[in-house]
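The listed protein sequences derive, respectively, from chains A and B. Taking this note's numbering, the leading residue of the first sequence gets 138, the next gets one more, and so forth. Taking this note's numbering, the leading residue of the second sequence gets 1385, the next gets one more, and so forth. Where is the CB? At the ideal position from N, CA and C, for every residue including glycine. Just so it is clear, the structure is predicted and the values come from calculations on it, not from any experiment.
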Amino acid sequence: MSRVSLNQAAPDFSLPDFSGNMVSLSDFLGRKNVLLVFNRGFA
Amino acid sequence: MAQLRQDYPQFVARDIEIVVVGPEDARAFAAHWQKESLPFIGLPDPTHSVLKLYGQEVNLFKLGRMRAQVLIDKAGVARFVHYGHSMSDIPKNAEILALGDEINARTDAGA
């Protein structure tokens, strides 16, 4: 399974949010830093 | 995620958007976001496409996914990468916020 490396470009992706709006990592380029959190579940 | 919610204004102040990706479906995300009044972006990934792309670990013996966090700067470069090794292995927000300050100072300086 791939992993992201420090100081390397983060792979872009697109997913719809839970309201159906498409969100891409590249949407934030040049605008915002992003903290990507891979959750372990809501339970 | 309660800690992230509590410190959210401090992330916003550093131009950091929080994006949470998880294996649950949109309905479960919507219910959880409403219940917990979460202010950040939630991305359901029931096919695990992004979870796999970023290599989130699943620990079968510890019954679950290990939390992972990646801080990406405005140029799209990963400046902080943390893959948890246990359920409680979660970086402190203060560490990420301090890094946010560093990244922004570097950006402001034109580096």
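C-alpha distance - Ser1433/B paired with Ile1487/B, whole-angstrom precision: 28 Å
Pairwise C-alpha distance: Gly1426/B and Ala1493/B: 32 Å
Exposure label - Gln1440/B; buried when at least 16 CB within 10 Å: buried
Environment of Glu1408/B [buried if 16+ CB atoms lie within 10 Å]: buried
Extent of the continuous alpha helix (DSSP H) run through Arg177/A: Unbroken run through Arg177/A: none, as it is neither H nor E.
Host beta strand (DSSP E) of Gln1453/B (start-end): Ala1452 to Ile1456
CA nearest to the CA of Thr1505/B, picked from Ala1410/B, Phe1424/B, Lys1419/B and Ser1421/B: The requested residue 1505/B does not occur in the structure, where chain B is confined to residues 1385 to 1495.
Cβ separation of Gly1468/B and Ala1478/B, assumed to be a contact under 8 Å, to the nearest whole Å: About 17 Å; that fails the 8 Å criterion.
Coil, strand or helix - Val141/A by DSSP: coil
Classification of Gly167/A by the beta-carbon crowding that lies within 10 angstroms, buried from 16 upward: exposed
8 Å Cβ cut-off: residues of chain A touching Lys1458/B: Phe165, Leu166, Gly167, Arg168, Lys169 and Asn170
Interface positions of the stretch 139 to 165 of chain A facing chain B (Cβ-Cβ less than 8 Å), listed along the chain: Ser139, Arg140, Val141, Ser142, Leu143, Asn144, Gln145, Ala146, Ala147, Pro148, Asp149, Phe150, Leu152, Pro153, Asp154, Phe155, Ser156, Gly157, Val160, Leu162, Ser163 and Phe165
Nearest neighbour of Ala1489/B, chosen from Ala1386/B, Leu1422/B and Asp1457/B [CA to CA]: Asp1457/B
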